[in-house]
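Below: the structure, in structure tokens.
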Amino acid sequence: MTNPQSVETLSVELGERSYDIIIGSGLLDRAADYIGPVLHRPRTIIVTDENVARHQLPRLEKSLRDGSIDFETIVLPAGEATKSFLQLEKLCEQLLESRLERRDMVIAFGGGVIGDLTGFAASILRRGMDFIQIPTTLLSQVDSSVGGKTGINTAHGKNLVGSFHQPRLVLADVTTLDTLPERQVLAGYAEVVKYGLIGDRDFFSWLEQNGRDLIAGDREKQVQAIKTSCAAKARIVAEDEKETGKRALLNLGHTFGHAIEAECGYNDTIFHGEAVAIGMAMAFDLSVKMGRCPEEDAARVSTHLVSVGLPARLSGTNHPVCTVTMTADRLMEHMAQDKKVADGKLTFVLASEIGKGFLTQEVDPKLVREILELSLC
Ligand code: GLY
């Protein structure tokens, strides 16, 4: 067990918009110590959801009270449906009603839905307000809270309306993972694996040894994995904030994954991280099929995913997604509508080995279909 006071600090280097990511155990209980110094005046608004409000909100509120920081709290419904125009409008109106000033700070306290929605509201309110991310899921701690992607979903797909708006601070407290269902932790773990696969072979080997422990709640290993993941993301975002190149590597498994999610209707049949896990296995299989990656690396990826309890295929596992009827045709249709299509071509993230991701538009759709069919049978 780690010393509960141990804290890791990383920086996302973006000139005057640079910010810290603070990772540790028990940070919520002393959140005011970190938040206070970035506030213009001792007043803030917390935006959260019903689940986080039930399990974690009293800790954050107590810390703010003890730190003499005045606050209001807005509690939204939990779930992906909250990332909508309707909730965006309601949230903006509520934030304005609370007489926030332009230089005040909004706190996004929750998982990816709350972070994306609140960050987007902050980016458009009064032509841009500051916000802090306090991510409470593994997925948001290693991915969505860092890098400034914000937005909502529309009938045309996920995250199609949004902005790049960097937070002023990210506070990731691993104790918030204690109240998450294991399936949620696992789904976040898929994004942790992603960092090993795209750029850090040693980290992937470390995960093969330690992944199960961190999923089971080992705080020291959780902090270590979140730190390594966020450091990788911070480097990529500093180099390519608006995703004109390298940042797209972070989409490993996402093109396949989004097609699977779209086919399932973006509900709990499959979580984003689970779809990404299957998508990453497919990306490695496709890389092998194209003669770009050793077969044993693709096998290692699938073996690890399955060994921790994530799905690596659309069928042949006992995962709930297997009960949904899918066809390669339908998945190909969804992929054609991916927002990463440029000049009619999809950009794929593939790998030449574990730890070496690369981007390409030169992928034969016949091979993509074969990979989908293999995963389905
Ligand atoms: N989640 C991918 C990115 O932030 O670019």
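Following this note's numbering, the numbering of the sequence shown begins with 12 at its first residue and continues without gaps. Even for Gly, the Cβ is constructed at its ideal location relative to N, Cα and C.
From ILE281, ARG324 and THR239, residue whose alpha carbon lies closest to that of ILE4:
The chain is shown from 12 up to 388; residue 4 falls before or after that span and cannot be answered.
Going by beta-carbon coordinates alone, are LEU39 and LEU71 separated by less than 7 Å?
Residue mapping note: residue 39 aligns to position 28 of the sequence shown, counting from 1. Residue mapping note: residue 71 aligns to position 60 of the sequence shown, counting from 1. Pairing LEU39 with LEU71 gives a Cβ-Cβ distance under 7 Å.
Given a cut-off of 7 Å on the beta-carbon distance, is the pair ALA323 and ALA292 in contact?
Position 312 of the sequence shown holds residue 323. Position 281 of the sequence shown holds residue 292. Closer than 7 Å, so yes.
Please name the residue or residues paired with TYR30 in a DSSP beta bridge.
What you label residue 30 is simply residue 19 of the sequence shown in a count that begins at 1. Bridge partners of TYR30 according to DSSP: VAL23.
Would you check if the distance between the CB atom of VAL299 and the CB atom of GLU306 is smaller than 7 Å?
For the purposes of this step, residue 299 is taken as the residue at position 288 of the sequence shown. For the purposes of this step, residue 306 is taken as the residue at position 295 of the sequence shown. Yes.
Compute the Euclidean distance between the alpha carbons of ILE281 and GLU272, then round it to the nearest angstrom.
Walking along the sequence shown from the start, residue 281 turns up at place 270. Walking along the sequence shown from the start, residue 272 turns up at place 261. Between ILE281 and GLU272, the C-alpha separation is close to 7 Å.
Report yes or no: do the stretch 141 to 152 and the stretch 191 to 200 share at least 3 C-beta pairs separated by less than 8 Å?
Touching, per the Cβ criterion.
Residues that GLN144 bridges to, as DSSP identifies them:
The residue you call residue 144 lines up with position 133 of the sequence shown. Paired residues: ALA119 and VAL181.
Going along the chain, which unbroken runs of the beta strand (DSSP E) with 3 or more residues stay wholly within the stretch 145 to 178?
With a minimum length of 3 residues, the continuous beta strand (DSSP E) runs that stay inside the stretch 145 to 178 are 160 to 165 and 168 to 175.
Which runs of the alpha helix (DSSP H) spanning at least 4 residues fall entirely within the stretch 84 to 112, listed in chain order?
If you keep only unbroken alpha helix (DSSP H) runs of at least 4 residues inside the stretch 84 to 112, you get 96 to 108.
Report the residue from GLN98, ARG110, GLY26 and GLN67 whose alpha carbon sits nearest the alpha carbon of ARG54.
Taking the first residue of the sequence shown as 1, we reach residue 54 at position 43. Ranking the options by Cα distance to ARG54, first place goes to ARG110.
Is DSSP giving GLU36 helix, strand or coil here?
Mapped onto the sequence shown, residue 36 falls at position 25. Note that residue 36 is Ser in the sequence shown, not Glu. DSSP places SER36 in coil when its eight states are reduced to three.
Please state the DSSP three-state secondary structure of ILE57.
Within the sequence shown, residue 57 is the residue found at index 46, counting from 1. If DSSP states are grouped into helix, strand and coil, ILE57 belongs with the strands.
Would you kindly work out how many angstroms separate the C-alpha atoms of LEU387 and LYS94, rounded to a whole number?
Residue numbering aside, residue 387 sits at position 376 when the sequence shown is read from its first letter. Residue numbering aside, residue 94 sits at position 83 when the sequence shown is read from its first letter. If you take the alpha carbons of LEU387 and LYS94, they lie about 30 Å apart.
Nearest CA to the CA of ASP184: which residue from ALA166, ASP213 and VAL153?
Working through the sequence shown from its first residue, we reach residue 184 at position 173. Here the closest residue by C-alpha is VAL153.
Kindly list the residues whose CB is nearer than 8 Å to the CB of ARG223, restricted to its own chain and excluding five residues on each side of it in sequence; keep chain order.
For this step, residue 223 is matched to residue 212 along the sequence shown. Here the set comprises SER318 and VAL319.
Cβ distance (whole Å) where ILE125 is taken to contact LEU99 below 8 Å:
Along the sequence shown, one-based indexing puts residue 125 at 114. Along the sequence shown, one-based indexing puts residue 99 at 88. With a Cβ gap of about 12 Å, ILE125 and LEU99 do not count as contacting.
Quick test of your reading: ALA270 and LEU342, contact by CB under 8 Å. State the CB separation rounded to the nearest angstrom.
As a first step, residue 270 must be located in the sequence shown, where it is residue number 259. As a first step, residue 342 must be located in the sequence shown, where it is residue number 331. Indeed, because the Cβ distance is near 5 Å, the residues count as touching under 8 Å.
Per-residue DSSP class, three states only, for ALA323
Residue mapping note: residue 323 aligns to position 312 of the sequence shown, counting from 1. Under the three-state reduction of DSSP, ALA323 is assigned to coil, being neither helix nor strand.
From the DSSP secondary-structure annotation, give me the bridge partner or partners of LYS356.
If you number the sequence shown from 1, residue 356 lands on position 345. DSSP lists ALA353 as partners of LYS356.
Nearest-angstrom Cα distance between VAL63 and ASP44?
By one-based count along the sequence shown, residue 63 stands at place 52. By one-based count along the sequence shown, residue 44 stands at place 33. Rounded to the nearest whole angstrom, the C-alpha separation of VAL63 and ASP44 is 21 Å.
Could you tell me the alpha carbon to alpha carbon distance between GLY26 and VAL360, rounded to whole angstroms?
By 1-based counting over the sequence shown, the position of residue 26 is 15. By 1-based counting over the sequence shown, the position of residue 360 is 349. Taking C-alpha positions only, GLY26 is separated from VAL360 by approximately 28 Å.
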